[in-house]
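Contents: one structure, followed by commentary.
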RNA sequence: GGUCUCAUGGCCGAGCGGUUAGGCACCGGUCUGCAAAACCGUCUACAGCAGUUCGAAUCUGCUUGAGACCUCCA
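In this note's numbering, the protein residues as written are 1274 to 1761.
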């Protein structure tokens, strides 16, 4: 695995190009990913980012890295945006639902946990919450003030972007130039407390109707909306760690400001590799709450999205997502989901077929090369679509072996079996379909199919077809294969 | 308006200068009492116009179209 570790290449948003992945400490990876704000149930687009970073986490683990994966939960409303508007999303949800802020957070945290289970996400090493780290946030703000990169005005603290730009590059991640930003935003902040339009809040003085308020050296208030990630990543991963991830829409200003906060307090960029997952699209447009074109992960499961005429399992949705690269847009369409559903079953069938294959003295194809292609794909910036294509190449060969047209040796068979299983289930995070889940139905079906088998032996096609049609009406499909009859 | 990204066959989606991506659909075949399923095989591309190059989907320029960010956002 060490050799494979050395081959890993990651696209670093900070550099705008792929580069070899060299962890700060050999064999260890510290990874921080921005998690959800729990003022509502995460929608499918939110889930795509978490599924993609789950894939990355899983592959790093498979390569043998010891990974500390921190993904935060935002349970404090982000009080202001840079236009100075009040946007405490959690507080707003709390008022709308007539609950306390933490009730809202807990309510949706439970749902998020459930979704992670259903979509087969590995739990992160730590899931810290913002409200449990107010003190750490305050301490970092104090440090930034002490370093001269922030100032207090009337109970609020702002990051001093102009002062910061004298020593550091603001815009290093997003490529934004402050003077380009200015023309647009200046007017919005005319009567702001800020010294400069690009300054952002680290701490915001409390409003009378705020639902959550904390004490601070500057009076009662709320933390700004970037500081929590700086506080928590620093606490659990150190001032500098390996990978910082999140959705592409967080690149600016959230991640840019995290960098500014880290540089402003500790003098260094918090992460060496910045990774950004792309958005999920519906009809070519980003799925988003504000566009109203979003739907919930469980609506796909029960078929109530209104967009598709049937439901899909979490497994199919996950496989569908694995067929696009994490840095690409992905369009959520019914045809694409249907294709994923069929493809997935073809793939899992082939893995099951491996169990029945009889080895030959020699292999008629290069199994080792095939397995290497799995690693090659994933080592190239986690290129899951290529991996999937290679798994389908293996699928084709497995079926040919099963038909006696290709051969595989015993050691090669063992290798292929292991790697197919590992890559499909451990790395891609697909789930083995629970066979025979309807335990009470199984013996009944056995009996029914047995009777139908007898009818077929007697060439009593009327009875045989009657049974088949009757079962079809009950939603059970009978398949007459070469090796007997199966149903599903 | 500013910054940036992308335009691939019926659909989804890889590709980063020379090789079949892959899946689904279609079509042909194998199997089958029939059907379905399964398996095998095959076809359809690179938005447009110029340029660089022995060679371009892949590099450059322009045109057209779409999207993201600049407000909360995964």
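The C-beta atom is built at its ideal place from N, Cα and C for all residues, glycine as well.
All values reported here derive from a predicted model rather than from experimental measurement.
With a cutoff of 8 Å on beta-carbon distance, residue 1486 and residue 1497 are scored as not near each other.
If you draw a straight line from the Cα of residue 1372 to the Cα of residue 1589, it comes to about 36 Å. The continuous alpha helix (DSSP H) containing residue 1335 extends over residues 1317 to 1335.
Counting the other Cβ atoms within 10 Å of the Cβ of residue 1564 gives fewer than 16, which makes it exposed. Closest option to residue 1323, judged by alpha-carbon separation, among 1567, 1561, 1549 and 1667: 1549.
Three or more Cβ pairs closer than 8 Å define a contact, and the stretch 1532 to 1552 meets that threshold against the stretch 1438 to 1453.
For the pair residue 1696 and residue 1724, the CB atoms are not nearer than the 8 Å cut-off. For residue 1414, the CB contacts under 7 Å within the same chain, skipping 5 residues up- and downstream, are 1423, 1430, 1475, 1476 and 1500 in chain order. Inclusion of residue 1445 and residue 1538 in the CB contact set at 8 Å is not warranted, their separation being larger than that value.
Three or more Cβ pairs closer than 8 Å define a contact, and the stretch 1333 to 1344 falls short of that threshold against the stretch 1663 to 1682. Within the model, the alpha-carbon separation for residue 1280 versus residue 1540 is close to 31 Å.
For the set 1307, 1315 and 1336, the Cα lying nearest the Cα of residue 1294 is the one of 1336. Counting along the chain, no beta strand (DSSP E) covers residue 1672; the unbroken alpha helix (DSSP H) around it starts and ends at 1657 to 1675.
In the three-state scheme derived from DSSP, where H, G and I count as helix and E and B as strand, residue 1424 is classed as strand. Per DSSP, the beta bridge partners of residue 1301 are 1339. Every alpha helix (DSSP H) stretch that sits fully inside the stretch 1373 to 1458 and reaches 4 residues is listed by chain position as 1374 to 1391, 1407 to 1419, 1434 to 1440 and 1451 to 1458. Closest in C-alpha terms to residue 1561, from the list 1629, 1314 and 1582, comes 1314. Setting aside the 5 residues that flank it on each side, residue 1612 has no residue in the same chain whose C-beta is closer than 6 Å to its C-beta. The alpha-carbon separation between residue 1378 and residue 1433 amounts to approximately 32 Å.
The C-beta distance from residue 1547 to residue 1319 rounds to 19 Å, too long to meet the 8 Å contact threshold. Under the Cβ criterion (8 Å, minimum of three pairs), the stretch 1568 to 1581 does not count as touching the stretch 1628 to 1644. Runs of alpha helix (DSSP H) with 4 or more residues, each lying fully within the stretch 1453 to 1524, are found at 1500 to 1510, listed in chain order.
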